[in-house]
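Have a look at the structure below before the remarks.
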């Protein structure tokens, strides 16, 4: 990845976490450790990329640390957001019969990584992988909607991230795989990760209105992919009404 895009991505993935709680990002802190063979030009291009996304969302860099490392580059970013406590969107808020939505296509980033690894460098998916666009404005707007009950971003893949909401909310979910928005295979869309789209649940009585208002605000749809149900915190997958039992798992950190 070019250093300019690495700078942007380092901030983007952290702004996505702030957006996923409905908060307004107000500042960031950057600590970076560089080995001796990294040039000043590389560092300049990295900070140029970081600055470009900071300026795009009006998020100043307030401090951090720069130091040396013995071997590899290490980057640590902390993003700070502000939101009224009553409006914070947690993973624990999903309720029975809520509609499950995602804000965009899933699988593009994972396909981009596969293309890089296979030596295909003219793929449009690579740009999505290298330069994700955090849903900052979308998250702020959704944070102001009381009918949005739970929200997080998709970094590890739907198959791993949705269970976080289900476990925290003590609910289950039914997901229709034919409704998952993707330009790749469904398996890659569900397991690939690094999409940085928002995953949210909305009260059924307000779901149509929220989805319609979202289109008017952002010129793009919310994609309804399923429903929250009572019961064990697991996912029932169906394909055009037929229950399927795929062994899908997203990224696991440990």
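Residue numbers (our numbering): -13 to 240.
Beta carbons are placed, not taken as given, at the ideal position from N, Cα and C, and that holds for glycine.
query                                                                                                                                                               : result
Around the C-beta of residue -5, are 16 or more other C-beta atoms found within 10 angstroms, so that it is buried, or is it exposed?                               : buried
Does the distance from the CB of residue 2 to the CB of residue 47 come in under 7 Å?                                                                               : no
Suppose you measure from the CA of residue 73 to the CA of residue 216; what does that come to, to the nearest Å?                                                   : 24 Å
CA-CA distance, residue 82 and residue 225?                                                                                                                         : 21 Å
In the DSSP assignment, find the alpha helix (DSSP H) that holds residue 11 and state where it starts and stops.                                                    : Residue 11 -> not in any alpha helix (DSSP H); beta strand (DSSP E) instead, spanning 10 to 20.
Can you tell me where the beta strand (DSSP E) holding residue 91 begins and where it ends?                                                                         : Note, residue 91: premise wrong, no beta strand (DSSP E); not H, not E.
Run through DSSP, which three-state label would residue 218 get?                                                                                                    : coil
What's the call for residue 23, buried or exposed, on a 16-neighbour Cβ count within 10 Å?                                                                          : exposed
Terminal residues of the continuous beta strand (DSSP E) containing residue 68?                                                                                     : 60 to 68
Can you look up residue 257 in the DSSP assignment and give me helix, strand or coil?                                                                               : This structure leaves residue 257 out entirely; the chain is present only between -13 and 240.
Applying the criterion that 16 or more other CB atoms from any shown protein chain within 10 Å of the CB defines a buried residue, is residue 93 buried or exposed? : buried
Quick check on the DSSP output: the beta strand (DSSP E) that includes residue 144 runs from which residue to which?                                                : First-last for residue 144: 144 to 155, but that is the alpha helix (DSSP H), not the beta strand (DSSP E).
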